[in-house]
Amino acid sequence: MSTLLLLSSSTTRRRIVQSMKYYPSLLVSCSSVAFWRTASAFVPIAATSSGINQAAVVAATNTNTGRAFSTTTTLFSKMDKSFPTWSFDKPCQSMEWTDMLTTKLTVASADTFEAGDLVLVGVYAPAKNDDDESNDDDKKKEEEEEEEEEPVIALSGMAAELDKRLGGALTEVMTDNHKAFKHGATAGSTTPTVRIVVDGKVRFLILNETFGVLKLF
Amino acid sequence: MKTVLFVKKRVRLILKPQHRKLMQTKRYVVVGLGSTPKDDDDKKDDKENVGFSLGKAIAATCDAEKKITSCSVLLPAALEASTDTMRDISTGFYQNLYSDNRYRNGDKEKKMVENLKTVSLFSEAKGAESTGPSLEEGQKIAKGVFMAKDIVNAPHNVLNSESLADTAKRIAKESGGRIKCTILDKKDCEKRGMGAYLGVARGSETEPQFIHLTYTPPSGKVNKKVGIIGKGLLFDTGGYNIKTQMMELMKFDCGGSAAVLGAARAVGEIAPEGVEAHFIVAACEVRYAAKIFLSGMTLFVFYLVHSMTQFDAI
Numbered sequence: 000m001s002t003l004l005l006l007s008s009s010t011t012r013r014r015i016v017q018s019m020k021y022y023p024s025l026l027v028s029c030s031s032v033a034f035w036r037t038a039s040a041f042v043p044i045a046a047t048s049s050g051i052n053q054a055a056v057v058a059a060t061n062t063n064t065g066r067a068f069s070t071t072t073t074l075f076s077k078m079d080k081s082f083p084t085w086s087f088d089k090p091c092q093s094m095e096w097t098d099m100l101t102t103k104l105t106v107a108s109a110d111t112f113e114a115g116d117l118v119l120v121g122v123y124a125p126a127k128n129d130d131d132e133s134n135d136d137d138k139k140k141e142e143e144e145e146e147e148e149e150p151v152i153a154l155s156g157m158a159a160e161l162d163k164r165l166g167g168a169l170t171e172v173m174t175d176n177h178k179a180f181k182h183g184a185t186a187g188s189t190t191p192t193v194r195i196v197v198d199g200k201v202r203f204l205i206l207n208e209t210f211g212v213l214k215l216f
Numbered sequence: 000m001k002t003v004l005f006v007k008k009r010v011r012l013i014l015k016p017q018h019r020k021l022m023q024t025k026r027y028v029v030v031g032l033g034s035t036p037k038d039d040d041d042k043k044d045d046k047e048n049v050g051f052s053l054g055k056a057i058a059a060t061c062d063a064e065k066k067i068t069s070c071s072v073l074l075p076a077a078l079e080a081s082t083d084t085m086r087d088i089s090t091g092f093y094q095n096l097y098s099d100n101r102y103r104n105g106d107k108e109k110k111m112v113e114n115l116k117t118v119s120l121f122s123e124a125k126g127a128e129s130t131g132p133s134l135e136e137g138q139k140i141a142k143g144v145f146m147a148k149d150i151v152n153a154p155h156n157v158l159n160s161e162s163l164a165d166t167a168k169r170i171a172k173e174s175g176g177r178i179k180c181t182i183l184d185k186k187d188c189e190k191r192g193m194g195a196y197l198g199v200a201r202g203s204e205t206e207p208q209f210i211h212l213t214y215t216p217p218s219g220k221v222n223k224k225v226g227i228i229g230k231g232l233l234f235d236t237g238g239y240n241i242k243t244q245m246m247e248l249m250k251f252d253c254g255g256s257a258a259v260l261g262a263a264r265a266v267g268e269i270a271p272e273g274v275e276a277h278f279i280v281a282a283c284e285v286r287y288a289a290k291i292f293l294s295g296m297t298l299f300v301f302y303l304v305h306s307m308t309q310f311d312a313i
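From first to last, the protein sequence lines are chains A and B. Heads up: the first sequence begins at 0 in numbering that gives the first Met the number 0, then just goes up one per residue. Heads up: the second sequence begins at 0 in numbering that gives the first Met the number 0, then just goes up one per residue.
This is how it looks when you write it as structure tokens:
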């Protein structure tokens, strides 16, 4: 387009510009750098020579080519930013550090217990029997038998009180997951999350991610 | 009457607004603490393992449960509320919430426990209230862990001998005068006859930086002196004895220096009494360079001559 404008006579140029007055969006929508430079150069001519509402053209030009300008400006401003870590000649002088978390950890007596959004209840599994004489095979059999048996869960202390207050939700989730959770025999093992709905008919809800089972009690 | 409904598929609950409000209620998770300790020996072993495991479990659960702002942890009386246990819980919690977002942007950034403000431990054991300072100590240790992870994770175009020396200076500055930082440059090392170190550093883009951090206790009384030395080879290609495999992992060669500077940061924060600690890192890298050390060359180490055939073994 720019070549055409440069080579053409002034009359031809006016004809081209006049033909474009019906397509102002065509004039301004192209975001190519070469085109909008050319377009912005001849827009005032188009406005004066063809009688197009100059304000409208300027507005259209500002709106659309303005977008092109802003994009390009952002691009160049990004490019102008010096690379923060190293340059071609100079190695990096400083390493960024990861900030420490702002979460506060506190400790208090269980007497002052208040339930937060999430409550974790720590439980110990029953003590292991020390039968050194028994063989590995016997131990395996015992473990298998234990797994097959119906688990009896007896919570104590504040955990028992809390379980009672929640209508047995903790016992229920431990019973359901006794094979994986093993009554908490592995330190740091957890059960699926139990969500307690206070009002309404639903008392508690267990969403078991492992087995994809949703239970409503 | 109890109603049980089983849905044998993973489900997405579509709820009415009034029911959705009801669903935003408390969440409960049971955490295992291991088998009940029988005797004192068991309790000792238990203390060492349970704290970190519990801290890790708290961190993982809090991160998994989105949009929670507070978390309460109920601990049974059987778990002794000692300073060691509380410190381990705190360290385990904070160090497992490390996420290195320094070289990530946009969706790749992984923010841990964004909304979580407080985690409250409620212990049934006696004297739990007095263990508050040990939680802070655990957080300070975790700061050191963060430092070590930052150093190991940093790519080599960011972490060279100069930026590692800068890190050491910042650790000293952060300690509020408890740690003094001394950096020996190339000339200082030459004066001291540190030939082995300089021989390796000839293959380095940046000049060698011998880092020495000295911690002195606030009271000034020293009963014991401790020295901690870590390997500060920030990238090891092996020189002409080039590594034939796992070259991309060679930035991890500075793991020793990461542990040392991490420990320095933690010690500077905790400020223990009666101990003077020295943290030493000889920082450089081994690339290919015109000046690089070749097989058969001799090294002058403290005015003794050594002939080296295997460069990578230095």
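Glycine is no exception: its CB is placed at the ideal position from the N, C-alpha and C atoms. It should be emphasised that the depicted structure is a prediction, and the values quoted were computed from it without experimental measurement.
Assuming residue i contacts residue j under a Cβ cut-off of 8 Å, what Cβ separation, rounded to an integer in Å, is found between them?
i      : j      : result
B/G229 : B/R286 : Not quite, the Cβ-Cβ distance comes to about 21 Å (not below 8 Å), so this is no contact.
B/L53  : B/V30  : 7 Å
B/R86  : B/S133 : 4 Å
B/G231 : B/E173 : No, B/G231 and B/E173 are not in contact; Cβ-Cβ is about 20 Å, not under 8 Å.
B/A164 : B/I182 : 5 Å
B/K143 : B/G261 : Here the sequence assigns Gly to residue 143 of chain B, which means Lys is not the residue at that position. Going by Cβ atoms, the distance from B/G143 to B/G261 rounds to 4 Å, so yes, they are a contact pair.
A/L104 : B/F278 : Their Cβ separation, rounded to whole angstroms, is 27 Å, which puts A/L104 and B/F278 out of contact at 8 Å.
B/V49  : A/A186 : 5 Å
B/N159 : A/C91  : 6 Å
B/A58  : B/N95  : 4 Å
A/L165 : B/Y27  : 7 Å
B/A276 : B/I227 : 7 Å
B/R101 : A/T102 : About 20 Å; that fails the 8 Å criterion.
B/S69  : A/G121 : That pair is no contact at about 17 Å.
B/V72  : B/V118 : 7 Å
B/A270 : B/R177 : 6 Å
B/S98  : B/K109 : 5 Å
B/F292 : B/G198 : 5 Å
Alpha helix (DSSP H) containing residue i: first to last residue?
i      : result
B/G194 : 194 to 200
A/R194 : Taken as a continuous stretch (DSSP letters only), A/R194 belongs to no alpha helix (DSSP H), being part of the beta strand (DSSP E) at 193 to 195.
A/F180 : 177 to 180
B/E161 : 160 to 173
A/D116 : First-last for A/D116: undefined, no H or E at that position.
A/M99  : First-last for A/M99: undefined, no H or E at that position.
A/G156 : 156 to 164
B/P189 : Sequence inspection shows Glu at residue 189 of chain B; the Pro mentioned does not correspond to that position. Start and end: 185 to 190.
Quick one: what's residue i bridged to in DSSP?
i      : result
B/F278 : B/L212, B/I227
A/G121 : B/V30
A/L104 : B/V118
B/K179 : B/T213
A/C91  : A/C91 pairs with nothing; no bridge assigned.
A/T189 : B/V30
B/C283 : B/L232
B/G143 : Looking at the DSSP assignment, B/G143 forms no beta bridge with any residue, so it has no partner.
B/G273 : B/V221
Consider the C-beta atom of residue i and the heavy atoms of the ligand ATP; say whether any pair is separated by less than 7 Å.
i      : result
B/D165 : The model depicted lacks the ligand ATP and carries no ligand whatsoever.
Exercise. In chain order, which beta strand (DSSP E) runs of at least 3 residues are fully inside the region 203 to 256 of chain B?
Worked result: Runs found: 208 to 214, 221 to 235.
Exercise. Fully enclosed by the region 69 to 138 of chain B, which beta strand (DSSP E) runs are 3 residues long or longer?
Worked result: 69 to 74, 117 to 122
For this session: Report the residues of the region 87 to 102 of chain A with a CB closer than 7 Å to any CB of chain B, ordered along the chain.
Result: P90, C91, Q92, S93, M94, E95, W96, T97, M99, L100, T102
Exercise. Using a Cβ cut-off of 9 Å, which residues of the region 170 to 198 of chain A contact any Cβ in chain B, in chain order?
Worked result: For the region 170 to 198 of chain A, which is checked against every Cβ of chain B, the residues closer than 9 Å are V172, M173, N176, F180, K181, H182, G183, A184, T185, A186, G187, S188, T189, T190, P191, T192, V193, R194, I195, V196, V197, D198.
For this session: Compile a chain-ordered list of the residues in the region 108 to 124 of chain A whose CB is closer than 9 Å to at least one CB of chain B.
Result: Of all residues in the region 108 to 124 of chain A, S108, A109, D110, T111, F112, E113, A114, G115, D116, L117, V118, L119, V120, G121, V122, Y123, A124 have a Cβ within less than 9 Å of some Cβ in chain B.
For this session: With 9 Å as the limit, tell me which residues of the region 75 to 95 of chain B have their beta carbon closer than that to any beta carbon of chain A; keep them in chain order.
Result: Those would be P75, A76, A77, L78, A80, M85, I88, S89, G91, F92, Y93, in chain order.
For this session: Could you name the residues of the region 44 to 65 of chain B whose beta carbon sits closer than 7 Å to any beta carbon of chain A, in the order they occur along the chain?
Result: N48, V49, S52, L53, K55, A56, I57, T60, C61, E64
Problem set entry | Interface positions of the region 124 to 136 of chain B facing chain A (Cβ-Cβ less than 8 Å), listed along the chain | A127, E128, T130, G131, L134
Exercise. Going along the region 98 to 113 of chain B in order, which residues come within less than 8 Å of chain A, judged by CB to CB distance?
Worked result: S98, D99, N100, R101, M111, V112
Problem set entry | Residues of the region 204 to 225 of chain B whose Cβ lies closer than 9 Å to any Cβ of chain A, in chain order | E204, T205
For this session: Check distances from the C-beta atoms of the region 158 to 177 of chain B to those of chain A and list, in chain order, the residues that come in under 7 Å.
Result: Those would be L158, N159, E161, S162, D165, T166, in chain order.
For this session: Taking a Cβ distance cut-off of 8 Å, strictly less, list which residues of the region 149 to 167 of chain A are near chain B, in chain order.
Result: Considering only beta carbons, the part of the region 149 to 167 of chain A lying closer than 8 Å to chain B consists of S155, G156, M157, A158, L161, L165, in chain order.
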